[in-house]
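In this note's numbering, the protein residues as written are 14 to 793.
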């Protein structure tokens, strides 16, 4: 391309930048108005980490849960474990009664609270049966209470559920009603009330678990950690900018630009009514780290040209002419990487993709509307040229890298090949886990509470099974009930299940009661007429459990299985065992489906695996296409993808070798690395091509590329590494692993750009044969 042609094509761009500088006060005024508008929306931001928030409308797992809620009510429960010397010691029992009364009267959305003091007891008496509380009178004599305690601790329905076998541990089970669609959020409303009440009983050693409690704690921790992530990221970036640019303007302008882009993006998020979660709340820090690249390249070029003696205006216009096309392309490719999340079926991930893509576009916009006008202020006189302006430590370091690559191409190629094989082996070790409680730090109080409850009296999580007979009164069929009873026995013996309950329990208790309370009669009756009679007698006698376990028309029944806090692989194992048992034991025409927290956990894990593959494939294709178009060569575009894909493989492989688990936060990693690493590639390959066309020499092009853009590429990588280090201070494994993976990914991306890319370009020669057989570098 001739100089006249270049000048002609650059003229409209130059005119635009000159107009921007002429109207710089107007641009800054628009930024001020936009910032005020965005800031006014920030108080509207809300957080929701509930399982339901992750699924799209129409997802079968969510539909099953909705059907369950319509028929049986909410599956949410909170469980309070209380350690005592003896639960049935009179003063202890009365104290527990006071706690139960407070909870029943003050906790919102509470449907039912069950503990040994009010649990239903069915007993046969002369002339009939009595259905009453196990402890009708908490002020009864010590002897009476002791006898009731012995009865409860030996009953299989209550032992290790509401009371331990040694009577030292009590459990209070709180079940919640269906939550309203509008109004207060029960996950934010109920748990703090529970906590406040428990705090009023310091003499009781308590542990509180359950999905509403976990959701609340996660929301609270997320809200507290997000500012910390931002603060650490901002401090790290400022430190990295100060160390690398050694310029006040090099610190303040990029930092201010990216902070404004975060504010604008979060203002838009709040305006559109999006809720934050453990994924979406990553957006501010992501933008803080990713969005800084545009302004960073402008500032780096500007400072370098000023150091060479150019005037402020000339340096700024020349910098914009050099980097505008690359930063526009990097914005498009990074946005494409984030928009790849739109291919997934996880709602928070789709929202993150949209918001992050909008954020990087805003970062580019503010680079022009804010950073450029700010840089234009000041004396326009040319500074004195420093004799060492282009020969400082960084330039000498980059020059040494160039010479090292020229001398060791084969060794570099083999080293990266070995690293790829090592990483692929580690990648195979990554396992999916969606248990957010287990993802918390080991010393986090909530995780310790869950683990203690699981160890002492298992049951911090649950799975719900719905048996649908397909006909009215169908669950009264004796053969079907026998299948359900066998399912009870199967689950009770399963190593992952701690306790089960269904209407079968009430029927067995009625059978025992009408047969003089004989333990050997704790079984299903012999005829269907007895089943119907027992159900009628139970309901008319004051039984309170049928609504929980039987549908209104008796066509469906619910079986609840409590489990300890289990991981994704264990959930899949339990689900597979259940499916096999149902297939073998239940008659044709009877439907059995699972729902609740654990099936949703399994579905979430399946979606994680699907989403990772789909989003990465989309991001790869989109970015490869954009690179090929921008570099005007499919061959060069595909070569340019190698330094982008390799950091993904290396980062994931290293995390596999260190034993990290693939969780929700980790899902962001691959497309994000691809979208961010391509920024370096665009700047490197664009400048490399320009220098090759100028000199006709691959080695000379490499050395010149390192000299001109190596510095900002090195700086942006340092800033990214420091910026993402904030996640290392999280209480969750996911963000901490994410921080480590980002460090590995961004450093390996820079290494691939500086070392591998020039080797590939030299070997494959996608730009054509060099104009001379002896490289300038070799001659030197």
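Ideal placement from N, C-alpha and C gives every residue a C-beta, glycine not left out. Small disclaimer: the values here were computed from a predicted structure and weren't measured.
- Between residue 109 and residue 183 a beta carbon distance of about 6 Å is seen, short of the 8 Å cut, so the two are scored as contacting.
- Look at residue 237 here: in three-state DSSP terms it is helix.
- Looking only at 378, 325 and 443, the smallest Cα-Cα distance to residue 389 is reached by 325.
- Annotation: residue 68 is outside any beta strand (DSSP E) and is labelled neither H nor E by DSSP.
- Pairing residue 579 with residue 500 gives a Cβ-Cβ distance that is not under 8 Å.
- Taking each of 226, 339 and 177 in turn and checking the Cα distance to residue 201, the smallest one comes out for 226.
- Collapsing the DSSP output to three states places residue 220 in a strand.
- For residue 540, there is no enclosing alpha helix (DSSP H), as DSSP marks it with neither H nor E.
- Taking the CA atoms as reference points, residue 179 sits about 15 Å from residue 105.
- Rounded to the nearest angstrom, the Cβ distance from residue 411 to residue 700 is 13 Å, too far for a contact under 8 Å.
- Taking the Cβ atoms as the reference, residue 224 lies roughly 5 Å from residue 89, within the contact range of under 8 Å.
- Residue 607 is positioned such that its CB atom lies no closer than 8 Å to that of residue 444.
- Cβ contact annotation for residue 350 (same chain, cutoff 6 Å, sequence separation greater than five): 632, 684, 687 and 688, in chain order.
- Around the CB of residue 29, fewer than 16 other CB atoms lie within 10 Å, so the residue is classed as exposed.
- DSSP places residue 357 in the coil class of the three-state scheme, outside both helix and strand.
- Measuring C-alpha to C-alpha distances from residue 332 to each of 346, 380 and 356 identifies 380 as the nearest.
- By alpha-carbon distance to residue 614, the top candidate from 582, 312 and 153 is 582.
- Rounded to the nearest angstrom, the gap between the Cα atoms of residue 468 and residue 675 is 26 Å.
- Taking C-beta atoms under 8 Å as the contact rule, residue 268 and residue 256 fail to qualify, at a distance of about 14 Å.
- Just so you know, the alpha carbons of residue 423 and residue 770 end up roughly 13 Å apart.
- Residue 514 is bridged by DSSP to 573.
- Put simply, the stretch 93-107 touches the stretch 206-226. At least three CB pairs are less than 8 Å apart.
- A distance below 8 Å separates the beta carbons of residue 316 and residue 260.
- If you draw a 10 Å sphere on the C-beta of residue 167, you find fewer than 16 other C-beta atoms in it, and that means exposed.
- Every unbroken stretch of the beta strand (DSSP E) spanning 3 or more residues and falling wholly within the stretch 126-159 is given here in chain order: 133-138 and 141-146.
- Taking all protein chains in view, the Cβ of residue 634 is surrounded by fewer than 16 other Cβ atoms within 10 Å, so the residue is classified as exposed.
- Bounds of the beta strand (DSSP E) holding residue 478 are 474-481.
- At least 8 Å separates the beta-carbon of residue 173 from that of residue 625.
- Here residue 201 is not bridged, per DSSP, to any residue.
- When beta bridges are read from the DSSP output, residue 93 appears opposite 185 and 221.
- Here residue 601 carries a coil assignment [DSSP, helix/strand/coil].
- A check of alpha carbon separations from residue 612 across 235, 375, 432 and 475 identifies 475 as the nearest.
- For the pair residue 130 and residue 440, the CB atoms are not nearer than the 8 Å cut-off.
- With respect to residue 470, residue 135 sits apart: the two C-beta atoms are not nearer than 8 Å.
- Counting C-beta pairs closer than 8 Å gives fewer than three between the stretch 272-282 and the stretch 343-361, which falls short of the contact rule.
- Residue 733 and residue 560 have their C-alpha atoms some 56 Å from each other.
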